[in-house]
Amino acid sequence: MRILHTADWHLGKLFYGTYLTEDQSYVLEKQFLPLLKEEKIDAVVLAGDVYDRSLPPAEAVELFDEIATKVTADLKLPFLVISGNHDSPARLSFASRLLAPQGLYIAGELARLTGPVVLEDVAGPVAFVMLPYAEPAEVRHFLGDESIHSHQTALTGLRDWECRQLPKEMRTICVAHAFAAGGIACDSERPLSIGGTDQVDSALFAPFAYTALGHLHGPQKVTAETIRYAGSLLKYSFGEARQHKGAVIADIDAKGKADISFCEFSPRHDVRIVSGTFEDIMAAADDRTDDFILARLDDTQPILDGMAKLRRKYPNAMALEMPHRNTEARGQRDFNLQQTTEKELFTGFTEAMRPDQPLTEAEKACVRNLWKRLEKEEGGTLL
Ligand SMILES: [Mn+2]
Numbered sequence: 152m153r154i155l156h157t158a159d160w161h162l163g164k165l166f167y168g169t170y171l172t173e174d175q176s177y178v179l180e181k182q183f184l185p186l187l188k189e190e191k192i193d194a195v196v197l198a199g200d201v202y203d204r205s206l207p208p209a210e211a212v213e214l215f216d217e218i219a220t221k222v223t224a225d226l227k228l229p230f231l232v233i234s235g236n237h238d239s240p241a242r243l244s245f246a247s248r249l250l251a252p253q254g255l256y257i258a259g260e261l262a263r264l265t266g267p268v269v270l271e272d273v274a275g276p277v278a279f280v281m282l283p284y285a286e287p288a289e290v291r292h293f294l295g296d297e298s299i300h301s302h303q304t305a306l307t308g309l310r311d312w313e314c315r316q317l318p319k320e321m322r323t324i325c326v327a328h329a330f331a332a333g334g335i336a337c338d339s340e341r342p343l344s345i346g347g348t349d350q351v352d353s354a355l356f357a358p359f360a361y362t363a364l365g366h367l368h369g370p371q372k373v374t375a376e377t378i379r380y381a382g383s384l385l386k387y388s389f390g391e392a393r394q395h396k397g398a399v400i401a402d403i404d405a406k407g408k409a410d411i412s413f414c415e416f417s418p419r420h421d422v423r424i425v426s427g428t429f430e431d432i433m434a435a436a437d438d439r440t441d442d443f444i445l446a447r448l449d450d451t452q453p454i455l456d457g458m459a460k461l462r463r464k465y466p467n468a469m470a471l472e473m474p475h476r477n478t479e480a481r482g483q484r485d486f487n488l489q490q491t492t493e494k495e496l497f498t499g500f501t502e503a504m505r506p507d508q509p510l511t512e513a514e515k516a517c518v519r520n521l522w523k524r525l526e527k528e529e530g531g532t533l534l
């Protein structure tokens, strides 16, 4: 059986104030869907964080509706989805009992878990054990087991409950949304718990032929070739600029041995960090100026209107950092706003912005005229 493992779509994600829905749609429509056909995939697994938040924007819900319909109704592939820590289990589970016979298997709310989904290939049955993200307290309540207080005991309890009726010899695939110890985090995942440990021992996935994980956004294996994070659909922070996003293909043979490969996606806009002096960055040749850009400047002096200038070259520039900025100059801007006149404030501002270059006589004249006009328009007083 040939399984495509993807995770952490975060549909409806806001990136520096910009909705990424069109970029997510591009990768899903132009690359993910064609890949299912080209690679002759038998089943598709989405390991949680379908949406970026529990109440996703309408466009994100429409996109998931579109993709889920194309996978199950058009391509006739079983699509197995669990909720992650960003999803609302109840909302994601809407109509799940009606959808399962159509090939869309959603595991969200614990109370609605129905045991493993069993699919068939020529060698016989393969069971998909779906473990949606849940707080330890929810699992404690669901299983009625007072000893459950950690993610480790919760996930182990849920796994054993889901597997309780599985014949020993059946090939099994686990789908979970968790932080497996040994995995490497980046800066776009939301921690699963504050205080205490949010990690689980990857040994709890040892019984499975393959484990499709969601949560960590960098594609990676954890302790074994067959325990993997597919990574997020797109780069969701500049900390991920060097990662390669995509999907995992796991071929499960008749004996339950998994053969793994990775297919990379090419996004419509890449997420990149450009560095150097402002002048160098603006002058450098670049044929992907539509990418999402963070400019990390070597300059020590402030660049007046830097973001607006940067956007003339990179219309999707998101941020500008100056790690070497002269901090002495910054201290001088510590004005006492209560006891400073507007004119003194303006002079102080220009000195802070251009410490080596005082106002020229022409500039001073221009400013004097502006003050005069302002005072006239404001009736002689400036507030
Ligand atoms: Mn995530």
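First residue of the sequence shown: 152, per the numbering used here; consecutive thereafter. Beta carbons are placed, not taken as given, at the ideal position from N, Cα and C, and that holds for glycine.
Using only the heavy atoms of ligand 1, determine whether one of them is closer than 8 Å to the beta carbon of E213. Counting from one through the sequence shown, the residue named residue 213 turns up at place 62. The answer is no for E213.
Collapsed DSSP secondary structure at R204 in the structure displayed: Translated into the one-based positions of the sequence shown, residue 204 becomes position 53. Coil, per DSSP.
Closer than 8 Å by C-beta to L165: which residues in its own chain qualify, once you throw out the five before and the five after it? Chain order, please. The residue given as residue 165 occupies position 14 in the sequence shown. If we look at L165 and ignore the five residues flanking it on each side, its Cβ neighbours are L171, D203.
Using only alpha-carbon positions, find the residue among R379, L343, E415 that is nearest to A354. To locate residue 354, count along the sequence shown from 1; it is residue 203. It is R379.
Can you tell me which of the three DSSP states G482 falls into? Residue numbering aside, residue 482 sits at position 331 when the sequence shown is read from its first letter. Reliability of the predicted coordinates at G482 is poor, the pLDDT of 49 falling under 50, and the value obtained from them is presented with this limitation in mind. G482: helix per DSSP, three-state reduction.
Could you pull the start and end residues of the beta strand (DSSP E) that G397 belongs to? Position 246 of the sequence shown, counted from the first residue, corresponds to residue 397. Element bounds for G397: 397 to 403.
Do three or more CB pairs link the region 465 to 472 to the region 438 to 445 at distances below 8 Å? yes
Just to confirm, does N236 get its C-beta within under 8 Å of one of the non-hydrogen atoms of ligand 1? As a working mapping, residue 236 is identified with position 85 in the sequence shown. Yes; taking the cut-off as 8 Å, the Cβ of N236 has a heavy atom of ligand 1 nearer than that.
Buried or exposed (CB count within 10 angstroms, at least 16 for buried), E526: As a first step, residue 526 is located in the sequence shown; it is residue number 375 there, counting from the start. Around the CB of E526, fewer than 16 other CB atoms lie within 10 Å, so the residue is classed as exposed.
Cβ of L420 versus every heavy atom of ligand 1: is any distance shorter than 8 Å? By 1-based counting over the sequence shown, the position of residue 420 is 269. According to the sequence as given, residue 420 is His; it is not Leu. For ligand 1, not one heavy atom lies less than 8 Å from the Cβ of H420.
Helix, strand or coil: how does DSSP classify H302 here? For the purposes of this step, residue 302 is taken as the residue at position 151 of the sequence shown. Three-state DSSP puts H302 in a helix.
Between the C-alpha atoms of L448 and G168, what's the straight-line distance to the nearest angstrom? Indexing the sequence shown from 1 puts residue 448 at position 297. Indexing the sequence shown from 1 puts residue 168 at position 17. Going from the Cα of L448 to the Cα of G168 covers about 22 Å.
Using a 10 Å radius around the Cβ and a threshold of 16 neighbouring Cβ atoms, would you call D456 buried or exposed? Numbered from its first residue, the sequence shown carries residue 456 at position 305. So D456 counts as exposed.
With a Cβ-Cβ cutoff of 9 Å, do P240 and A285 count as a contact? As a working note, residue 240 is residue 89 in the sequence shown. As a working note, residue 285 is residue 134 in the sequence shown. Contact: yes.
Going by C-alpha to C-alpha distance, which of V268, R322, L317, S344 sits closest to F330? Position 179 of the sequence shown, counting from 1, holds the residue named residue 330. Nearest C-alpha to F330: S344.
What does a CB cutoff of less than 8 Å around Q182 pick up in its chain, not counting 5 residues either side in sequence? Numbered from 1 along the sequence shown, position 31 holds the residue referred to as residue 182. Within the same chain, Q182 has close Cβ partners F416, S417.
Just the Cα atoms here: how many angstroms apart are D216 and S234? Numbered from 1 along the sequence shown, position 65 holds the residue referred to as residue 216. Numbered from 1 along the sequence shown, position 83 holds the residue referred to as residue 234. Straight-line Cα distance between these residues: approximately 15 Å.
Distance between S388 and G482 (C-alpha atoms, nearest Å): Residue numbering aside, residue 482 sits at position 331 when the sequence shown is read from its first letter. Residue numbering aside, residue 388 sits at position 237 when the sequence shown is read from its first letter. The predicted position of G482 is uncertain, since its pLDDT is 49 and thus under 50; a value taken from the coordinates is nonetheless stated next. Approximately 30 Å, taken between the alpha carbons.
Heavy atom of ligand 1 within 8 Å of E391 beta-carbon: One-based indexing of the sequence shown puts residue 391 at position 240. No - ligand 1 has no heavy atom lying nearer than 8 Å to the Cβ of E391.
DSSP state of E320 mapped onto helix, strand, coil: Numbered from 1 along the sequence shown, position 169 holds the residue referred to as residue 320. In this structure, E320 counts as coil in the three-state DSSP scheme.
Determine the closest residue to V422 out of H395, T428, N477, with distance taken between C-alpha atoms. Taking the sequence shown and counting its residues from 1, one reaches residue 422 at position 271. The shortest C-alpha separation from V422 is found at H395.
I'd like the list of long-range same chain contacts for E376, defined as Cβ closer than 8 Å, with 5 residues on each side in sequence excluded. Mapped onto the sequence shown, residue 376 falls at position 225. Answer for E376: A409, I411, listed in chain order.
Using only the alpha-carbon positions, how far apart do T157 and A398 sit? The residue labelled residue 157 in the question sits at position 6 within the sequence shown. The residue labelled residue 398 in the question sits at position 247 within the sequence shown. When rounded, the distance between both Cα atoms is 5 Å.
What are the boundary residues of the beta strand (DSSP E) that C414 is part of? In the sequence shown, residue 414 corresponds to position 263, counting from 1. 409 to 415 is the extent of the beta strand (DSSP E) around C414.
Euclidean distance between Cα positions of S298 and L228: By one-based count along the sequence shown, residue 298 stands at place 147. By one-based count along the sequence shown, residue 228 stands at place 77. Rounded to whole angstroms, S298 to L228 spans 39 Å at the Cα level.
So, A392 versus I424, is the Cβ gap smaller than 9 Å? Translated into the one-based positions of the sequence shown, residue 392 becomes position 241. Translated into the one-based positions of the sequence shown, residue 424 becomes position 273. Yes.
Helix, strand or coil for H292, going by three-state DSSP, please let me know. Locating residue 292 in the sequence shown gives position 141, counting from the first residue. DSSP places H292 in helix when its eight states are reduced to three.
Let me have the residue list for ligand 3: C-beta closer than 5 Å to any non-hydrogen atom, ordered along the chain. Looking for ligand 3 in the displayed structure turns up nothing; the ligands present are ligand 1.
Euclidean distance between Cα positions of R153 and M281: Position 2 of the sequence shown holds residue 153. Position 130 of the sequence shown holds residue 281. The alpha-carbon atoms of R153 and M281 are separated by roughly 18 Å.
Less than 8 Å between C-beta atoms, sequence neighbours within five positions excluded: which residues of the same chain meet that for S426? Here residue 426 is taken as the residue at index 275 of the sequence shown, counted from 1. Once the five neighbours on either side are set aside, the close Cβ partners of S426 are I432, A446, R447, L448, D449.
CB G259 to CB S247, shorter than 9 Å? Within the sequence shown, numbered from 1, the residue matching residue 259 stands at position 108. Within the sequence shown, numbered from 1, the residue matching residue 247 stands at position 96. Their beta carbons are under 9 Å apart, which means G259 touches S247 by this criterion.
What residue range is occupied by the uninterrupted beta strand (DSSP E) comprising K372? Within the sequence shown, residue 372 is the residue found at index 221, counting from 1. Unbroken beta strand (DSSP E) run through K372: 371 to 373.
Whole angstroms are fine: how far does the CA of I335 sit from the CA of T220? One-based indexing of the sequence shown puts residue 220 at position 69. One-based indexing of the sequence shown puts residue 335 at position 184. Spanning the two alpha carbons is a distance of roughly 33 Å.
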